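Chemist: Going by our numbering, the first residue of the sequence shown is number 67, and it counts up by one from there.
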Amino acid sequence: MQGVYPQQDVFRRRLPVVIGGLIFMSLILLLRLLSFQFPLDPQVDSYLINLRDSGYTQSLSLAAARGNIYDRHGEVLAVNTLEYRIGASPSLVSDARRTATQISSILGIDELELYDKLTSDALWVLVAPNVSAELAQRVRQLDLSEIRMDPVPRRSYPQGPVAAQILGFVGGDLQGYYGVEGHYNDQLAGKVTDRRVSTIPFDVPIVDWQQDRGRDVVLTIDRDVQYIAESELLDDINTYAASSGSIIVMNPRNGDILAMANYPSYDPNAYANVANEDLYTDAAIGDQYEPGSIFKVLTMASALEMGSITPDWSYYDSGELDVGGVSIYNWDRAAHGTTTATQALVDSLNVGMATISTRMGPTSFYTMMDKFGIGRLTGIDLEGEQAGTMYTPGDENWSESQLGTNAFGQGVAVTPLQMVTAVGAVANGGLMMQPRVIHQVIDGNQVIEARPANLGRPISAETAREVTQMMISVVNDGLDGKASVPGYTIAGKTGTAEIPTPIGYENGSSIASFIGFFPADDPQVIVLVKLDRPADYWGSQTAAPAFQRLAERLVLALEIPTDDVRHELSAQGGAVNHIRR
Numbered sequence: 067m068q069g070v071y072p073q074q075d076v077f078r079r080r081l082p083v084v085i086g087g088l089i090f091m092s093l094i095l096l097l098r099l100l101s102f103q104f105p106l107d108p109q110v111d112s113y114l115i116n117l118r119d120s121g122y123t124q125s126l127s128l129a130a131a132r133g134n135i136y137d138r139h140g141e142v143l144a145v146n147t148l149e150y151r152i153g154a155s156p157s158l159v160s161d162a163r164r165t166a167t168q169i170s171s172i173l174g175i176d177e178l179e180l181y182d183k184l185t186s187d188a189l190w191v192l193v194a195p196n197v198s199a200e201l202a203q204r205v206r207q208l209d210l211s212e213i214r215m216d217p218v219p220r221r222s223y224p225q226g227p228v229a230a231q232i233l234g235f236v237g238g239d240l241q242g243y244y245g246v247e248g249h250y251n252d253q254l255a256g257k258v259t260d261r262r263v264s265t266i267p268f269d270v271p272i273v274d275w276q277q278d279r280g281r282d283v284v285l286t287i288d289r290d291v292q293y294i295a296e297s298e299l300l301d302d303i304n305t306y307a308a309s310s311g312s313i314i315v316m317n318p319r320n321g322d323i324l325a326m327a328n329y330p331s332y333d334p335n336a337y338a339n340v341a342n343e344d345l346y347t348d349a350a351i352g353d354q355y356e357p358g359s360i361f362k363v364l365t366m367a368s369a370l371e372m373g374s375i376t377p378d379w380s381y382y383d384s385g386e387l388d389v390g391g392v393s394i395y396n397w398d399r400a401a402h403g404t405t406t407a408t409q410a411l412v413d414s415l416n417v418g419m420a421t422i423s424t425r426m427g428p429t430s431f432y433t434m435m436d437k438f439g440i441g442r443l444t445g446i447d448l449e450g451e452q453a454g455t456m457y458t459p460g461d462e463n464w465s466e467s468q469l470g471t472n473a474f475g476q477g478v479a480v481t482p483l484q485m486v487t488a489v490g491a492v493a494n495g496g497l498m499m500q501p502r503v504i505h506q507v508i509d510g511n512q513v514i515e516a517r518p519a520n521l522g523r524p525i526s527a528e529t530a531r532e533v534t535q536m537m538i539s540v541v542n543d544g545l546d547g548k549a550s551v552p553g554y555t556i557a558g559k560t561g562t563a564e565i566p567t568p569i570g571y572e573n574g575s576s577i578a579s580f581i582g583f584f585p586a587d588d589p590q591v592i593v594l595v596k597l598d599r600p601a602d603y604w605g606s607q608t609a610a611p612a613f614q615r616l617a618e619r620l621v622l623a624l625e626i627p628t629d630d631v632r633h634e635l636s637a638q639g640g641a642v643n644h645i646r647r
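1. Starting from R220, follow its DSSP beta bridges and name the residues at the other end.
2. What residue range does the beta strand (DSSP E) around L285 cover?
3. With distance defined between alpha-carbon atoms, name the residue in I175, E141, M498 nearest to T444.
4. Quick check on DSSP: helix, strand or coil for I446?
5. In angstroms, rounded to a whole number, what distance separates the CA positions of G234 and A338?
6. Could you compute how far the alpha carbon of M366 sits from the alpha carbon of V197?
7. Is I565 closer than 8 Å to E572 when the C-beta atoms are compared?
8. If you follow the alpha helix (DSSP H) that K362 is part of, which residue opens it and which one closes it?
9. Rounded to the nearest angstrom, how far is the Cβ of E449 from that of Y244, given a contact under 8 Å?
10. Apart from the five residues just before and just after D269, which ones in its own chain have a Cβ nearer than 7 Å to its Cβ?
11. How would you label A400, buried or exposed, when you count the other beta carbons within 10 angstroms and need 16 or more for buried?
12. Taking the straight line between their C-alpha atoms, what separation do you get for A327 and E451?
13. Chain D beta carbons: is any one of them nearer than 8 Å to that of Q241?
14. Entirely within the stretch 319 to 394 and at least 4 residues each: give me those alpha helix (DSSP H) ranges in chain order.
15. From the DSSP output, which residues share a beta bridge with R214?
16. Taking C-beta to C-beta, are G237 and G256 nearer than 8 Å?
17. Pull up the CB-CB distance for L364 and T424, whole angstroms please, since I reckon it's below 8 Å.
18. Say whether the stretch 281 to 293 touches the stretch 135 to 144, bearing in mind that this needs 3 or more beta-carbon pairs closer than 8 Å, one atom from each stretch.
19. Would you decide whether F584 is buried or exposed? Buried here means 16 or more other CB atoms lie within 10 Å of its CB.
20. When DSSP builds the beta bridges, which residues end up paired with Y432?
21. CB-CB under 7 Å to Y329, same chain, minus the five flanking residues each way: which ones, in chain order?
22. Tell me, please, whether the stretch 476 to 487 touches the stretch 373 to 383 by the rule of three or more beta-carbon pairs shorter than 8 Å.
23. Once you ignore the five residues that flank Q253 on each side, which residues in its own chain have a CB closer than 8 Å to its CB?
24. Looking at the strands, I want to know which residues DSSP matches up with M499.
25. Does the stretch 85 to 95 come within contact of the stretch 212 to 227, defined as at least 3 CB pairs closer than 8 Å?
26. To the nearest angstrom, how far is it from the Cα of I266 to the Cα of L210?
27. Of the choices Q409, E149, R523, whose alpha-carbon is the least far from that of M536?
28. How would you call D274, buried or exposed, if buried means at least 16 neighbouring beta carbons within 10 angstroms?
29. Of the residues G544, V492, I538, which one's Cα is nearest the Cα of A527?
30. Measure the CB-CB distance between A586 and T562 and report whether it falls below 8 Å.
31. Please state the DSSP three-state secondary structure of G403.
32. Would you tell me roughly how many angstroms separate the C-alpha atoms of S606 and L148, rounded to the nearest one?
33. Per the contact definition of three or more C-beta pairs closer than 8 Å, is the stretch 607 to 620 in contact with the stretch 543 to 553?
34. Three or more C-beta pairs closer than 8 Å, one from the stretch 160 to 177 and one from the stretch 224 to 232: is that the case here?
35. May I ask you to report which of helix, strand or coil DSSP gives F438?
36. Rounded to the nearest angstrom, what separates R98 and L88 at their Cα positions?
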């Protein structure tokens with residue numbers, strides 16, 4: 067019995083330790099159970115949710131509606147539409163053969179391939195990624211509970227190819243590219259959010275895609291004028307067998323681009339089908355070319371502004387002039403004898419222009435070209451503008467002979483928009499306006515007006531009047547009525563430019579152009595017509611008549627009164643110095 071008491075004593079001593087250990091373990095288990103109620107690390111939580119939902123949810127980028135694009139009169143140029151992503155849960159398909167037959171006949175997809183999808187072990191399969199609202203409605207009428215349709219925002223261009231290169235397009239990634247869509251993507255784009263949505267047909271997500279929509283944009287473009295310009299350009303391409311061309315119509319008073327047409331172009335509704343991606347670029351702002359004789363307007367204006375010549379200045383034209391070791395000839399290879407400044411412009415004499423530029427000297431000549439913006443971006447609010455090229459003294463590619471050849475538009479590269487902007491200063495009393503295509507930005511109930519901006523005053527109002535009179539003489543005395551419009555005084559200039567290559571100039575090919583504004587005494591529009599490689603070489607035979615036909619339609623579309631009516635209205639105090647449309 068004596069041996070029992072020590073054992074009990076040991077037990078009594080160890081019992082508190084055992085009880086303490088059990089209590090400690092119980093507390094640990096209790097804390098562990100409570101820890102499941104604590105917030106998880108965000109990365110761990112996200113991983114577990116994705117793992118849990120991977121079988122019956124999918125991740126989608128859902129975009130709010132993009133802002134609409136309108137022309138200056140509120141005509142819709144770009145809007146939003148819905149396409150549908152159609153999917154199915156194979157486990158819920160009761161009759162796969164019938165379902166595959168019905169859907170494939172509507173969507174025009176392979177029936178056997180669809181049947182294989184509907185009989186697979188997948189929880190959810192994609193039937194068709196992009197289905198029009200019309201076809202989606204026909205599928206919906208089948209009343210198939212196993213089919214689900216998710217709305218997908220898409221961009222639509224109701225006018226088709228009209229103004230395509232001005233507008234640009236919206237890609238499948240919901241980003242804007244080229245033109246207005248690209249330049250103003252941040253303004254137009256609605257908010258894009260990533261969401262996980264159920265693949266169960268009965269659990270359709272509610273998506274308010276009009277929430278957080280982008281801003282609407284109103285352009286300076288006139289849809290009707292744009293259509294006229296594009297249709298006339300197409301006729302010109304066919305009539306003169308030209309390879310390409312551009313037409314720009316601008317209001318010289320504020321820089322508003324009313325139309326900017328190019329050929330070839332494309333349909334932004336089918337941008338993915340365009341084989342040559344160069345078509346996405348607006349040639350009127352992105353293609354550089356030697357302008358030829360329309361550049362003589364700037365040379366004449368510069369010389370008059372600098373005082374190098376006067377309106378009654380004259381020179382002796384021998385038909386040839388050496389500048390920097392290069393012989394310059396007139397287009398007709400003829401000598402014209404004693405010739406006035408106006409006659410040099412009317413007859414488009416290269417020797418006359420080179421004589422003027424050498425009188426100015428390189429410093430004055432290139433200073434004036436810089437004021438006219440040659441070799442610099444205009445800053446138009448579109449993607450893809452090029453700056454052109456004009457070498458000046460000090461550049462390794464400049465030579466003294468270029469002082470002579472640049473004077474008549476050779477050895478210098480411009481864009482069509484640069485020429486319209488520069489000559490627009492003559493039309494606008496010497497003030498050069500920055501070209502623009504945006505008139506307003508609409509953010510909900512707030513209308514943000516785009517203000518006109520000027521790029522400087524390269525010439526005085528007096529110089530502008532003198533050059534305008536010379537350009538009127540070009541149309542009246544030098545073109546035999548080829549650019550005239552009955553009832554209107556037109557100021558203009560033709561151009562016929564050679565096409566440079568790495569080894570010289572193309573044989574027998576030219577770029578024919580005409581730039582003009584009207585009414586000459588109160589200009590409301592300035593127009594450039596440019597035709598590349600027409601069958602008839604000279605601008606007077608192609609671009610000038612093309613301008614004439616276009617101008618005859620523009621005065622009607624823009625409701626510009628004839629000179630007599632305007633003068634009579636003006637005498638009575640009427641306002642006639644603005645575009646009424």
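The C-beta atom is built at its ideal place from N, Cα and C for all residues, glycine as well. Values in this document were obtained by computation on a predicted structure and should not be read as measured data.
Modeler: In short:
1. What you label residue 220 is simply residue 154 of the sequence shown in a count that begins at 1. By DSSP's assignment, R220 forms a beta bridge with T147.
2. Against the sequence shown, residue 285 aligns to sequence position 219. Where L285 is concerned, the enclosing beta strand (DSSP E) stretches over 282 to 285.
3. Residue numbering aside, residue 444 sits at position 378 when the sequence shown is read from its first letter. With distances taken between Cα atoms, T444 lies closest to M498.
4. Start at 1 with the first residue of the sequence shown, and residue 446 comes out as number 380. In the structure shown, I446 sits in coil (DSSP, three-state: anything other than H, G, I, E or B).
5. Numbered from 1 along the sequence shown, position 168 holds the residue referred to as residue 234. Numbered from 1 along the sequence shown, position 272 holds the residue referred to as residue 338. It is roughly 12 Å from the alpha-carbon of G234 to the alpha-carbon of A338.
6. Sequence index remark: in the sequence shown, residue 366 carries index 300 (1-based). Sequence index remark: in the sequence shown, residue 197 carries index 131 (1-based). Rounded to the nearest angstrom, the two C-alpha atoms are 59 Å apart.
7. Residue mapping note: residue 572 aligns to position 506 of the sequence shown, counting from 1. Residue mapping note: residue 565 aligns to position 499 of the sequence shown, counting from 1. Against a cut-off of 8 Å, the Cβ pair of I565 and E572 comes out as a contact.
8. Position 296 of the sequence shown, counting from 1, holds the residue named residue 362. Looking at the DSSP string, the run of the alpha helix (DSSP H) that includes K362 is 362 to 372.
9. On the sequence shown, residue 449 is found 383 positions in, with the first residue counted as 1. On the sequence shown, residue 244 is found 178 positions in, with the first residue counted as 1. With 8 Å as the limit, E449 and Y244 qualify as a contact, their Cβ atoms being about 5 Å apart.
10. Position 203 of the sequence shown, counted from the first residue, corresponds to residue 269. Note that D269 scores a pLDDT of 44, beneath 50, so its modelled location is shaky and nothing firm can be said.
11. Translated into positions along the sequence shown, residue 400 becomes position 334. Counting Cβ neighbours within 10 Å, A400 comes out exposed, since fewer than 16 surround it.
12. Looking up residue 327 in the sequence shown gives position 261. Looking up residue 451 in the sequence shown gives position 385. Straight across, the Cα-Cα distance linking A327 with E451 is about 15 Å.
13. This model lacks chain D altogether; it includes just one protein chain.
14. Qualifying alpha helix (DSSP H) stretches, in chain order: 349 to 352, 362 to 372.
15. Within the sequence shown, the letter at position 148 stands for residue 214. Per DSSP, G153.
16. As a working mapping, residue 237 is identified with position 171 in the sequence shown. As a working mapping, residue 256 is identified with position 190 in the sequence shown. No.
17. In the sequence shown, the residue the question calls residue 364 occupies position 298. In the sequence shown, the residue the question calls residue 424 occupies position 358. Under the criterion of beta carbons closer than 8 Å, L364 and T424 do not qualify as touching, at roughly 16 Å.
18. The stretch 281 to 293 vs the stretch 135 to 144: in contact.
19. By 1-based counting over the sequence shown, the position of residue 584 is 518. F584 comes out buried.
20. Taking the first residue of the sequence shown as 1, we reach residue 432 at position 366. DSSP output for Y432 lists no bridge partner at all.
21. Reading the sequence shown from its first residue, position 263 is the one you call residue 329. Counting only residues of its own chain and dropping the five nearest sequence neighbours on each side, Y329 has a CB closer than 7 Å to the CB of L299, L300, I303, S310, G311.
22. The stretch 476 to 487 is not in contact with the stretch 373 to 383.
23. Taking the first residue of the sequence shown as position 1, residue 253 is located at position 187. Taking Q253 as the centre and dropping the five residues before and after it, the same chain places the C-beta of G133, G280, R281, V283, V507 closer than 8 Å to its C-beta, in chain order.
24. Against the sequence shown, residue 499 aligns to sequence position 433. Looking at the DSSP assignment, M499 forms a beta bridge with N520.
25. No: the two stretches stay apart, fewer than three of their Cβ pairs being nearer than 8 Å.
26. In the sequence shown, the residue the question calls residue 266 occupies position 200. In the sequence shown, the residue the question calls residue 210 occupies position 144. Residue placement at I266 cannot be trusted, given a pLDDT of 49 that sits under 50; what the coordinates show is reported in the next sentence. Taking the straight line joining both Cα atoms gives about 13 Å.
27. Working through the sequence shown from its first residue, we reach residue 536 at position 470. With distances taken between Cα atoms, M536 lies closest to Q409.
28. Taking the first residue of the sequence shown as 1, we reach residue 274 at position 208. With a pLDDT of 49 at D274, under the threshold of 50, the modelled position of that residue is not reliable, and the figure given next carries that caveat. Around the CB of D274, fewer than 16 other CB atoms lie within 10 Å, so the residue is classed as exposed.
29. Within the sequence shown, the letter at position 461 stands for residue 527. Cα-wise, what sits closest to A527 is V492.
30. Counted from its first residue, the sequence shown places residue 586 at position 520. Counted from its first residue, the sequence shown places residue 562 at position 496. No, these two residues do not count as a Cβ contact at 8 Å.
31. Counted from its first residue, the sequence shown places residue 403 at position 337. Under the three-state reduction of DSSP output, G403 falls in the strand class.
32. The residue you call residue 606 lines up with position 540 of the sequence shown. The residue you call residue 148 lines up with position 82 of the sequence shown. Taking the straight line joining both Cα atoms gives about 50 Å.
33. Touching, yes.
34. Contact fails: fewer than three Cβ-Cβ distances are below 8 Å.
35. Taking the first residue of the sequence shown as position 1, residue 438 is located at position 372. In the structure shown, the three-state DSSP call for F438 is coil.
36. Taking the first residue of the sequence shown as 1, we reach residue 98 at position 32. Taking the first residue of the sequence shown as 1, we reach residue 88 at position 22. Cα to Cα, the separation comes out at about 15 Å.
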